[in-house]
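A.B. asks:
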Amino acid sequence: MRRIGFAANRRLLEIEQICHDCALGDEAFQRLQRPCHVAGQRAPALRFGDANAQAVLNAVLMFVFVARGFTSKDLRQQFAVLLGNRADEISTGRKSYELRRLRLHGLIERLSKTLRYRLTDEGLRTALFYTRVYARILSPAMAPVIPAAPAASPQALRQFHAAEAAVNSWCDQAYIAA
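Counting in this note's numbering, the sequence shown runs from 6 upward without gaps.
Right under this line is the structure:
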């Protein structure tokens, strides 16, 4: 009985790990860093760390559990809040640009015969990866060492070297090769 219980528990943990793993492969990550061309349409890159990319990916995560998907108006509201703006400050062209960029990169799909969208599986993994890594690793690690002084000052140079040492230390602790 104990052996069966451990085997069932192990299988459950493996399934949970696969379901909650938001890691992107290097190829997928690099593909998002470059513009893409789909059916003659060009979509700009979703650069990691870019404020607009972070905001739009955070915004679409808010609609993961909405069964009927989201509209461009829904996205506009959340996107504006995350950028620190009012919804009326985000133009129609801007929201269309963001939707097209997400759609052409394969992160969202349009629901047939509607003006609604939903996050794809790849879109969910990408949004989780971008937002989690940025919020939980990059931002906290860089906060104490981002220079507040002008770039040419000796103080800024010392702070930059401290940041470099902190990143190298983190990589060593995580066993990440250079």
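Cβ atoms here follow ideal geometry from the backbone N, Cα and C, with glycine treated the same way.
None of these values were measured; they are calculated from a predicted model.
Go to Q46, then tell me how far its beta strand (DSSP E) extends in each direction, as first and last residue.
C.D. replies: Along the sequence shown, one-based indexing puts residue 46 at 41. Start and end: 46-48.
A.B. asks: Reducing DSSP to helix, strand and coil, say where R106 ends up.
C.D. replies: In the sequence shown, the residue the question calls residue 106 occupies position 101. Here R106 sits in helix by DSSP.
A.B. asks: Buried or exposed: where does K4 fall if 16 or more other Cβ atoms within 10 Å of its Cβ makes it buried?
C.D. replies: Outside the displayed range of the chain (6 to 183) lies residue 4, so it cannot be described from this structure.
A.B. asks: Does the region 37-51 come close enough to the region 113-125 to have 3 or more Cβ pairs within less than 8 Å?
C.D. replies: In short, these stretches do not touch, since the Cβ pair count stays below three.
A.B. asks: Please tell me whether D79 and F70 are closer than 8 Å, where the distance is taken between their beta carbons.
C.D. replies: In the sequence shown, counting from the first residue as 1, residue 79 sits at position 74. In the sequence shown, counting from the first residue as 1, residue 70 sits at position 65. No, they are not a contact pair.
A.B. asks: Taking C-beta to C-beta, are Q59 and Y135 nearer than 8 Å?
C.D. replies: Locating residue 59 in the sequence shown gives position 54, where the first residue counts as 1. Locating residue 135 in the sequence shown gives position 130, where the first residue counts as 1. Cβ distance < 8 Å, so Q59 and Y135 count as in contact.
A.B. asks: Could you spell out the range, first to last residue, of the beta strand (DSSP E) harbouring E114?
C.D. replies: In the sequence shown, residue 114 corresponds to position 109, counting from 1. Residues 113-115.
A.B. asks: DSSP beta-bridge partners for L124?
C.D. replies: Reading the sequence shown from its first residue, position 119 is the one you call residue 124. Per DSSP, I113.
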